[in-house]
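Residue numbers (my numbering): 5 to 414.
Backbone N, C-alpha and C define an ideal beta-carbon position, used for all residues, glycine too.
Keep in mind it's a predicted model, so treat the numbers as computed, not measured.
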């Protein structure tokens, strides 16, 4: 198989895996009202499930990233898909919060750490001349997975008291099958080398040094952490917000929370990635500026979205709330389109997976508190609105990254 053909087949395999990884994360949020009713728990208690998942992911992902620069990335991806799918599948048999904490929070969180550092490293290597575009295509898997799985999960939750369990079993089972597909069809792609040199595997100490001594990478990690904090808070509570504020069914609330937001994000990531890939040779800081532009302009629409039920009640308020969510999504798409391409521009290729792991660690440790903290607000509008200044601050950090060395290329 020619490499030019394989790189697109590999992207397709990784796209479906990303669809499942990100989509299954949304099952919990989409079925949250039904789970709360089934287990009779408070918002803070149910928010702990999202917090445990995010914290486990954040703590374990740097080790997965370093391992992906040392071990075979094909197996990191395939085994990761298998483990998180087993966690999702097992969560469908929960009879209490503790079992959800273990299967969804711990097993799922651990398995998901294996996938992203290895997959983005592979995509970055195979698509070296169109990095932002290829990573953006992969990003579409996130958007599509969240939209479709969220809607189907809400639909199942509306079927009855036990309906919320069905999407866990369904998509967990599909994920187990796809893990086997990846084992069979993904190739073992050696790390990139220059001038026919012998591949040298990264050591953990070298990988850590390459990241921790790089101030631009550290600032990018902090900005991404703020994005994750907002993303976790939004995806955890937006379905419940629409359900209680406008009286939508679980299916309608779950779909509304993600559909227009991620349609906007698809537009934003498409424009942002093509724009940056076109101008990167002329303007080395364009990736930072594009992502910063997205975060800063998204923040006002988070506030409008959060307070729209109070400003304009009824169906008109719902329409405007969803419009604000879509515009928030449009500008977050500009952020998504370039944040990892910017990171890979300033980190040597053989440390890409390690860099991804460490950035995700910082981001998800920061973001792990979002589900619980956002749920502590007595007003859901205030809880969601509290995410806006965090996003704005992330945009300012990206401008700082640009100023301290964003034009450096390695």
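C-beta atoms of residue i and residue j nearer than 7 Å
i           : j           : result
residue 398 : residue 334 : no
residue 229 : residue 370 : yes
residue 47  : residue 96  : no
residue 146 : residue 26  : yes
residue 119 : residue 32  : no
residue 23  : residue 138 : no
residue 346 : residue 291 : yes
residue 161 : residue 35  : yes
residue 402 : residue 227 : yes
residue 262 : residue 150 : yes
residue 250 : residue 28  : no
residue 372 : residue 69  : no
residue 212 : residue 405 : no
residue 72  : residue 155 : no
residue 385 : residue 310 : yes
residue 17  : residue 186 : yes
residue 62  : residue 368 : yes
Residue from the options with nearest C-alpha to residue i
i           : options               : result
residue 106 : 238, 325, 87 and 260  : 87
residue 301 : 111, 317, 120 and 328 : 328
residue 65  : 92, 364, 255 and 268  : 364
residue 284 : 349, 387, 383 and 393 : 349
residue 85  : 16, 116, 260 and 402  : 116
residue 179 : 304, 344, 308 and 89  : 89
residue 252 : 321, 131, 311 and 194 : 321
residue 102 : 78, 17 and 39         : 39
residue 277 : 131, 306 and 141      : 141
residue 43  : 69, 104 and 232       : 104
residue 121 : 81, 153 and 224       : 81
residue 67  : 380, 361 and 287      : 361
residue 436 : 270, 224, 15 and 242  : The structure shown does not extend to residue 436, since the chain spans only 5 to 414, so no value can be given for it.
residue 153 : 261, 385 and 171      : 171
residue 76  : 99, 150, 406 and 192  : 192
residue 220 : 408, 17, 21 and 12    : 408
residue 143 : 344, 367 and 405      : 344
residue 92  : 45, 383, 110 and 130  : 110
residue 240 : 287, 298, 391 and 15  : 391
residue 15  : 159, 60 and 190       : 190
residue 37  : 280, 166, 129 and 279 : 166
residue 173 : 94, 163, 286 and 124  : 94
Buried or exposed (CB count within 10 angstroms, at least 16 for buried), residue i
i           : result
residue 50  : buried
residue 331 : buried
residue 254 : buried
residue 209 : exposed
residue 410 : Legend: pLDDT at residue 410 = 45, less than 50; position of this residue unreliable, no value from coordinates given.
residue 19  : buried
residue 235 : buried
residue 181 : exposed
residue 303 : buried
residue 112 : buried
residue 244 : buried
residue 184 : exposed
residue 9   : exposed
residue 188 : exposed
residue 12  : exposed
residue 200 : Interpretation of residue 200 is limited by its pLDDT of 49, a score under 50 that renders its predicted location unreliable; the figure taken from the coordinates is listed afterwards. Its Cβ having fewer than 16 others within 10 Å, residue 200 is exposed.
residue 312 : buried
residue 157 : buried
residue 194 : exposed
residue 268 : buried
residue 266 : buried
residue 21  : buried
residue 366 : buried
Residue i beta carbon near the ligand NAD (any heavy atom closer than 6 Å)
i          : result
residue 10 : What this structure holds is no ligand at all, so the ligand NAD is not there to describe.
Bounding residues of the alpha helix (DSSP H) (the contiguous stretch that carries residue i)
i           : result
residue 168 : Taken as a continuous stretch (DSSP letters only), residue 168 belongs to no alpha helix (DSSP H), as it is neither H nor E.
residue 219 : 219 to 250
residue 128 : 112 to 130
residue 100 : From DSSP, residue 100 is part of no alpha helix (DSSP H); its letter is neither H nor E.
residue 295 : 290 to 315
residue 427 : Nothing can be reported for residue 427, as the shown portion of the chain is limited to 5 through 414.
residue 369 : 356 to 371
residue 403 : 391 to 407
residue 266 : 254 to 283
residue 383 : Unbroken run through residue 383: none, as it is neither H nor E.
residue 349 : 318 to 349
residue 36  : 36 to 43
Residue-chain proximity (residue i, chain C), Cβ-Cβ < 7 Å
i          : result
residue 92 : Going by chain labels, chain C is absent from the structure shown, which holds only one protein chain.
* Decide if the stretch 48 to 59 is in contact with the stretch 320 to 339; the criterion is three or more beta carbon pairs, one per stretch, under 8 Å apart. => Two segments are said to touch when three or more pairs of C-beta atoms, one from each, lie closer than 8 Å; by this definition the stretch 48 to 59 does not touch the stretch 320 to 339.
* Give a yes or no on contact between the stretch 352 to 366 and the stretch 308 to 321, applying the rule of three or more CB pairs nearer than 8 Å. => Not touching, per the Cβ criterion.
* Three CB pairs or more closer than 8 Å across the stretch 385 to 395 and the stretch 208 to 218 -> No, the stretch 385 to 395 does not touch the stretch 208 to 218.
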